[in-house]
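Throughout the sequence shown, residue numbering follows numbering that gives the first Met the number 0, covering 0 to 235 in sequence.
Glycine included, C-beta positions come from ideal geometry on N, C-alpha and C.
Here's the structure, in structure tokens; my notes come after.
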Amino acid sequence: MDTKTMAEKDQLKLVAAALSPAVNPIGSDEEGSAATGWRLVRYLRKRRFVVWCCCSCGLTVVVLGIALLILSLTVFMVKDPTLTMNSISLTSVDIHLFTAKSVMSLNATLTADISIKNPNVAFFRFSNSTTEFYYNGEIVGLAYAPSGKVSAHRMVRMNVTVDVLVDRAVAQINGTSSLITGREFILTSYTELNGRVNVIGINKRDIYVAMNCSINLEVSAFSQEISKSVCLATVK
């Protein structure tokens, strides 16, 4: 009787266990869902950070490119330097009559005050310059100026002294009458200056400056002076 009853109870337990739904621990499911959600949040945050960094870097590059382009077309653009003959003075004049080679020998020493103005934001470096003086198409004087540099937005002045020899030009004129009445000699000069401007490696340019001048020199027994001088400079 007892054995039969126990067997029936065991059978009922097996049937009940088979019919009842499976039960999973609630706590473990909640922990798994929370961990999955946290990983998803971290992934999304990291992804947004990466996207934000990429967009920021791209925007920065674009802004810098536009800024450099604007600067290269405005502030960093290479401008033409200015070469100016501020003044030219007659330092001395030597006149000799009835020399072995000509009726009159005339030598004059001229001093030219030349300035170079640099309007750029970088140095203007220039090499040795040459100034040639002509009379009647023949060269009568030659002067040299050393190399140097002009700072940004600055001006450099230098004096160039040259001895002008016009013996050949006056060989056929009457020396005595010319000294009494006075005579005007029209000299021309040509100055050549080569340089370079380099604006922080963005804009580089080789610059060639040439200046032509016309100088009126009046000479008589009583006075010697430069009555007029006109100059024109060109830049390439």
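Simplified DSSP assignment, three categories, for residue i
i: S55; result: helix
i: T35; result: helix
i: G181; result: coil
i: K258; result: Nothing about residue 258 can be read from this structure; the chain reaches only from 0 to 235.
i: V74; result: coil
i: F122; result: coil
i: G136; result: coil
i: A144; result: strand
i: A111; result: strand
Spatial neighbours of residue i in its chain, beta-carbon cut-off 7 Å, leaving aside the 5 residues before and after
i: N119; result: V77, K78, A151, V196 and V198
i: M157; result: I113 and A144
Status (buried if at least 16 other CB within 10 Å, exposed otherwise) for residue i
i: Q171; result: Confidence is the limiting factor: at Q171 the pLDDT is only 49, short of 50, which leaves the residue's position unreliable, though a coordinate-based value still follows. Q171 should be labelled exposed.
i: F125; result: buried
i: F123; result: buried
i: V161; result: buried
i: I138; result: exposed
i: T190; result: buried
i: L43; result: exposed
i: I206; result: buried
i: G136; result: exposed
6 Å Cβ shell around residue i - same chain, five flanking residues per side excluded
i: T90; result: T108 and T110
i: F75; result: V198, I201 and N202
i: I185; result: N215
i: A232; result: L82 and M210
Neighbourhood of residue i by C-beta, 8 Å cutoff - its chain only, sequence neighbours within 5 removed
i: I87; result: L109, T110, A111, D112, C212, I214, I225 and S228
i: V22; result: For V22, the pLDDT reaches just 49, beneath the cut-off of 50, and the residue's location in the model is therefore unreliable, leaving the point undetermined.
If we count Cβ pairs, one from each stretch, closer than 8 Å, do we get three or more for the region 59-69 versus the region 120-132?
no
Identify every run of the beta strand (DSSP E) within the region 196-231, keeping only runs that are complete inside it and at least 3 residues long; order them along the chain.
-> 202-218
- prompt: Is it a yes or a no for the region 217-230 touching the region 143-150, going by three-plus beta-carbon pairs under 8 Å?
  reply: no
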